[in-house]
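Note that the protein sequences, when read in sequence, are chains A and B. With the numbering used here, the residue at position 326 of the first sequence is 326, and numbering never jumps. Counting the second sequence from 1 gives a position; the numbering used here is that position plus 1000. Backbone N, C-alpha and C define an ideal beta-carbon position, used for all residues, glycine too. As the structure is a computational prediction, the values presented were derived from the model and not from experiment. Shown next, in structure tokens, is the structure this report addresses.
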Amino acid sequence: MDAKDILGLPKNSFPVIQEKKPRPPRDSQRRPDGVHREVYALTGGMAPLMPTIEVSHLKRKPTVDKEKISWQWLPFTSSARTDNLQLYHWVRVVNRVPPTGDYSFAKYNKSVEVLKYTDEEYEKHLADPMWTKEETDQLFDLCERFDLRFVVIADRFPTSRSVEELKNRYYSVTRALIVARAPSPADVSGHPLVKEPFNLAHEIERKRALSSVLSQTKQQERREAEILAEAKRIMESRMASKSSEEVELPVTSIDNGGSEKAAAPGESISPSANNNPSSSNVAPPAAAIDTTSTPASLRMLRVYLRTHALEQMVQAVSSTAGMRTIKRVDQTLQDLGVHVKPKVPTKSVCAEHLELRKEILTLLNLQKQLQNKEAEVSANRETSFTEAPGTPKRSYRGDVDRPFIPDSVGFGGERVGKRDHKRKAPGRTMDAPPSPPQSKRPRKLKTSD
Amino acid sequence: MPNPATAAAAAAAAPSSSSKKSAGDPPESAGAGAGSVQKAQRSKPARPSDDADKKLLFSEEQTKRLKDVEISFPIVYGTISFWLGKKASEYNSHKWTVYVRGATNEDLSVIVKRAVFQLHPSFNNPTRVVESAPFEVSESGWGEFEIAISLFFHSDVCDKQLDLYHQLKLYPEDDSAPQSTKKPVVIETYDEVVFSEPTEAFFARVQNHPAAVVPRLPPGLSLPPPAPLEHVNEKKRGDTKDHALSQWFMNFSEADELLKLAAARQQVQAHIVKLRRQLTKIDGPPQQSRAASGQ
Chain A
1 MDAKDILGLP KNSFPVIQEK KPRPPRDSQR RPDGVHREVY ALTGGMAPLM
51 PTIEVSHLKR KPTVDKEKIS WQWLPFTSSA RTDNLQLYHW VRVVNRVPPT
101 GDYSFAKYNK SVEVLKYTDE EYEKHLADPM WTKEETDQLF DLCERFDLRF
151 VVIADRFPTS RSVEELKNRY YSVTRALIVA RAPSPADVSG HPLVKEPFNL
201 AHEIERKRAL SSVLSQTKQQ ERREAEILAE AKRIMESRMA SKSSEEVELP
251 VTSIDNGGSE KAAAPGESIS PSANNNPSSS NVAPPAAAID TTSTPASLRM
301 LRVYLRTHAL EQMVQAVSST AGMRTIKRVD QTLQDLGVHV KPKVPTKSVC
351 AEHLELRKEI LTLLNLQKQL QNKEAEVSAN RETSFTEAPG TPKRSYRGDV
401 DRPFIPDSVG FGGERVGKRD HKRKAPGRTM DAPPSPPQSK RPRKLKTSD
Chain B
1001 MPNPATAAAA AAAAPSSSSK KSAGDPPESA GAGAGSVQKA QRSKPARPSD
1051 DADKKLLFSE EQTKRLKDVE ISFPIVYGTI SFWLGKKASE YNSHKWTVYV
1101 RGATNEDLSV IVKRAVFQLH PSFNNPTRVV ESAPFEVSES GWGEFEIAIS
1151 LFFHSDVCDK QLDLYHQLKL YPEDDSAPQS TKKPVVIETY DEVVFSEPTE
1201 AFFARVQNHP AAVVPRLPPG LSLPPPAPLE HVNEKKRGDT KDHALSQWFM
1251 NFSEADELLK LAAARQQVQA HIVKLRRQLT KIDGPPQQSR AASGQ
């Protein structure tokens, strides 16, 4: 509508022509079929935000695939085989040219070079009262046949020898041969067998330790976790006391606690008997400060404001706590509807205020302890879950070499006890209430507010 | 009682030598003459001579100090400010009074010899010395700033000064309430001036004074009978019970505070008990299982 409409004048033809001119190009951009009008209205006529793909790109065909690939069932030979057995496999054939050359996996066929010794050499260097020559010959035969797979060798060995004994004999003989055949000892000092001789005692000890770890009862594991958790806590409190640069008092008390625990690591450390490093950390200085008496520094002033005295005493009370804890104390005060700084700081108000702060500190400490405990318990529970029947432990046990069977008689005895625990385990986890903890506790605090 | 200063008080200008925003004056009215005047005032010694007091010879009895005794004086300091309403101009929107009073409106001049109020440097004569009760300064201006109040005590009380700091407030905290000329903005702080190990003479002098909180003396200590309260008529003048602004003074209730604290402590203690129980509960079961396995 314009002035001409209002005036009732006929429309001039001139602007109509002007209007028609831009129209045809607009028509050429007509909405393609299948696109909703609303959608087109959003994008239509606008330059696309993303660069579109050039048409030439689409038209060009990928030139890469000129070669023809087929898969064929073909015979092959392997240099790893000595028997010329003819085997077949599927091969990728490019342009009808089958691949030539050795079987690609042949290179993995490694064999160990087992030394041979002559009778004189045996007499001269290799005689061992524990071993006959026949036994040694048998050992070397088997070593060659099974490529030093000693577990297999021990399995086939006619006389009863442990894997360690077999290994020890083999390596000591080989080492003696290498040294004897070398022109000078210096030439072979770099040889791995000479440099790092097989240590029979160490190997036996290693396997014993391994099997004892693998056959640990759940209880032992839990105890270990407890000790570790405790050690962690002690470390943490030590770090805290170090950083706060506090009086020796708390430090020494922690040290005592630490040494006590260190003295009896294997003994059953009853969690209740923990002389909680965190609480003992705070208690002594708090106890040392008498709330009713003002700091000597202020008394020296002859005149001071009650609020200043309170500030100093608050600082003294929270001196052992970290910044975070101090903030949490203030937050708790607010949650309780108490002024962080008393509005009417009379003597008794200040004393009460200080007591409240101390109690909040105790509360926070207890919360922390509880959290630690819960973490400990849940950690124990995790380990007990992984220990559930049919865990790797059984299979490992099979791996433990036979020579350890006599030892594992002891384990067997323990295993009975272990089964006992397993029966008890669910009971334990049941009556330790499935940790109402982390999520619930803060809420509890609020409800009582 | 000093006159509540009017617009004239704020007319004198100060060069913005202080880092603080000029609160009392239009900044553009700064003049060289005014600046030098102000400097001279500021350099004025904070404590005028009190030779008269110092010349007093103290007897041994008078200087003897009472160990483990403290005398405290509950005080309240703060400001009350009135909006000038229709009369408000750009640089004189509020009339305010800063003061130190006894918490129960008793006369503080029993201990306080002099109070020095340090106003914003843009005020004319920013260091205001008040030599007698009531210890207060009234001014008018447009800006909020921190007022330092130094209390000087009589020589038998303490020879050290005590500094208080108060933030002047002119505008109410909640913007929702419209400013009114009837209802002032009152900000008061309660505190207690504590004198540790007072001299026996001082103790005897204030023992029965209503402004003092005096402890019971440990047995075996005898003191001279309390001196009769001097300056009876002066005292009449010094208290703030009939103060013009007394209807706006706030009440500070120790009982309320104690009740709140007691309730909070109860809650916290209950929590502690609960936590302890939880802790022992967690500790308990493993012990049992251990005992069982030991069999």
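Amino acids of chain B, ordered along the chain, whose beta-carbon sits closer than 7 Å to that of residue i
i: residue 362 of chain A; result: 1272
i: residue 304 of chain A; result: 1194
i: residue 367 of chain A; result: 1275
i: residue 359 of chain A; result: 1265, 1268, 1269, 1272
i: residue 377 of chain A; result: 1282
Where the alpha helix (DSSP H) through residue i begins and ends
i: residue 346 of chain A; result: No alpha helix (DSSP H) holds residue 346 of chain A; DSSP gives it neither H nor E.
i: residue 141 of chain A; result: 133-145
i: residue 1200 of chain B; result: 1200-1206
i: residue 211 of chain A; result: 200-214
i: residue 192 of chain A; result: 192-195
i: residue 1179 of chain B; result: Per DSSP, residue 1179 of chain B belongs to no alpha helix (DSSP H) and is neither H nor E.
i: residue 332 of chain A; result: 323-335
i: residue 155 of chain A; result: 150-156
Cross-chain neighbours of residue i in chain B, by beta carbon under 8 Å
i: residue 343 of chain A; result: 1190, 1252, 1257
i: residue 309 of chain A; result: 1194
i: residue 373 of chain A; result: 1279, 1282, 1283
Residue range of the unbroken beta strand (DSSP E) whose run includes residue i
i: residue 1116 of chain B; result: 1112-1118
i: residue 297 of chain A; result: Not the beta strand (DSSP E): residue 297 of chain A falls in the alpha helix (DSSP H), residues 296-299.
i: residue 1166 of chain B; result: 1162-1167
i: residue 1191 of chain B; result: 1185-1196
i: residue 1153 of chain B; result: 1146-1153
i: residue 1130 of chain B; result: 1127-1130
Proximal chain A residues relative to residue i, where beta-carbon distance stays under 8 Å
i: residue 1149 of chain B; result: Those do not exist, as residue 1149 of chain B stays about 12 Å from chain A at its closest Cβ, beyond 8 Å.
i: residue 1264 of chain B; result: 333, 336, 337, 338, 356
i: residue 1153 of chain B; result: 303
i: residue 1197 of chain B; result: 299, 302
i: residue 1160 of chain B; result: 301, 302, 303
Residues that residue i bridges to, as DSSP identifies them
i: residue 1092 of chain B; result: B/1089
i: residue 73 of chain A; result: A/90
i: residue 1136 of chain B; result: B/1099
i: residue 1077 of chain B; result: B/1100, B/1189
i: residue 304 of chain A; result: B/1194
i: residue 172 of chain A; result: Paired residues: none, contrary to the question.
i: residue 1082 of chain B; result: B/1095
i: residue 1070 of chain B; result: B/1196
i: residue 1141 of chain B; result: B/1094
i: residue 1065 of chain B; result: B/1199
i: residue 97 of chain A; result: A/94
i: residue 128 of chain A; result: A/131
i: residue 1213 of chain B; result: B/1072
Interface partners of residue i on chain A, CB under 9 Å
i: residue 1072 of chain B; result: 306, 346, 347
i: residue 1260 of chain B; result: 336, 337, 338, 339
i: residue 1119 of chain B; result: Ordered by position in chain A, no residue passes the 9 Å Cβ test against residue 1119 of chain B, which lies about 21 Å from the chain.
Contacts of residue i in chain A (Cβ-Cβ under 7 Å)
i: residue 1108 of chain B; result: By Cβ distance, chain A contributes nothing, its closest Cβ being about 14 Å from residue 1108 of chain B, past 7 Å.
i: residue 1278 of chain B; result: 370
i: residue 1183 of chain B; result: None at all; the shortest Cβ gap to chain A is about 21 Å.
**Asked** Just by C-beta distance, which residues in the stretch 345-357 of chain A are closer than 8 Å to chain B?
**Response** Answer set for the stretch 345-357 of chain A: 345, 346, 347, 348, 349, 352, 353, 355, 356.
**Prompt:** Along the stretch 196-215 of chain A, what residues have a CB closer than 7 Å to any CB found in chain B?
**Reply:** Hits within the stretch: zero.
**Residues, ordered as in the chain, of the stretch 1079-1091 of chain B that lie near chain A by beta-carbon distance below 9 Å** = Those would be none; no residue qualifies.
**Request:** Residues of the stretch 163-196 of chain A with a CB closer than 7 Å to any CB of chain B: list them in chain order, please.
**Result:** Within the stretch 163-196 of chain A, no residue has a Cβ that lies closer than 7 Å to any Cβ of chain B.
**Request:** Compile a chain-ordered list of the residues in the stretch 216-240 of chain A whose CB is closer than 9 Å to at least one CB of chain B.
**Result:** So the close ones are 217, 219, 222, 223, 226.
**Request:** Mind checking the stretch 115-140 of chain A against chain B and listing, in chain order, the residues whose C-beta falls within less than 7 Å of any C-beta there?
**Result:** Answer set for the stretch 115-140 of chain A: empty.
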